[in-house]
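S.K.: The numbering used here puts the first residue of the sequence shown at 5, with every later residue one more than the last.
Cβ atoms here follow ideal geometry from the backbone N, Cα and C, with glycine treated the same way.
The structure that follows is given in the form of structure tokens.
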Amino acid sequence: MARPSLLDRFRPVGAPGEAGRVGVPADSDHRADELGAVFAALADTIAEATERVGRARREADSEVATARQWADEVLGAARLSLGPERAAATHAVRTDAERRSAEMLRAARDEAEAVHDQGVERVGPLVAEALARLIALLDGTASPAPQVGPDPAEGPDTSAAPMRGPR
């Protein structure tokens, strides 16, 4: 008797008998026998794959441990260099601030000197005029002094800001 083919298990279309699903195995008794040989042939492959997965997990755990150790070393080195790095940054900021302060002080002194020089230039003629008037007053040859400030006949000067003093 000829050995039945794998395809003989499936119900043919249009076969006599009760209606059933087409292409569904007619019997389930032979499945274990048919697939047993396939699974037996795969047993070595499954064992090898399981070993490979275990080896890969061990290697991954080893790599993670190495990476963690390296990260701890880097972190420790960073903590050790934190003080000197902070000191260097502080020194750089302080040096820059001192340089800018010196430049600002130099500019302020130059401006103050220029204002002083302008004041000296203006004060000289005023002092000379004041001395001449004083001498003229003492000699009795002085003409009436020019009026300083607004003319009282014109009313108060509203163009200048009011003077404020302690209240």
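Measuring straight from C-alpha to C-alpha, what distance separates T145 and R137?
M.R.: Residue numbering aside, residue 145 sits at position 141 when the sequence shown is read from its first letter. Residue numbering aside, residue 137 sits at position 133 when the sequence shown is read from its first letter. About 9 Å.
S.K.: Rounded to the nearest angstrom, what separates A44 and G58 at their Cα positions?
M.R.: To locate residue 44, count along the sequence shown from 1; it is residue 40. To locate residue 58, count along the sequence shown from 1; it is residue 54. Those two C-alpha atoms are separated by around 22 Å.
S.K.: Tell me the rounded alpha-carbon separation between D37 and T49.
M.R.: Here residue 37 is taken as the residue at index 33 of the sequence shown, counted from 1. Here residue 49 is taken as the residue at index 45 of the sequence shown, counted from 1. Near 20 Å, if we compare the C-alpha coordinates of T49 and D37.
S.K.: Taking the C-alpha atoms as reference points, what is the distance between E67 and E77?
M.R.: Counting from one through the sequence shown, the residue named residue 67 turns up at place 63. Counting from one through the sequence shown, the residue named residue 77 turns up at place 73. Cα to Cα, the separation comes out at about 15 Å.
S.K.: Give the secondary structure of G123 by DSSP, where H, G and I count as helix, E and B as strand, and everything else as coil.
M.R.: Here the question's residue 123 lines up with position 119 in the sequence shown. Helix at G123.
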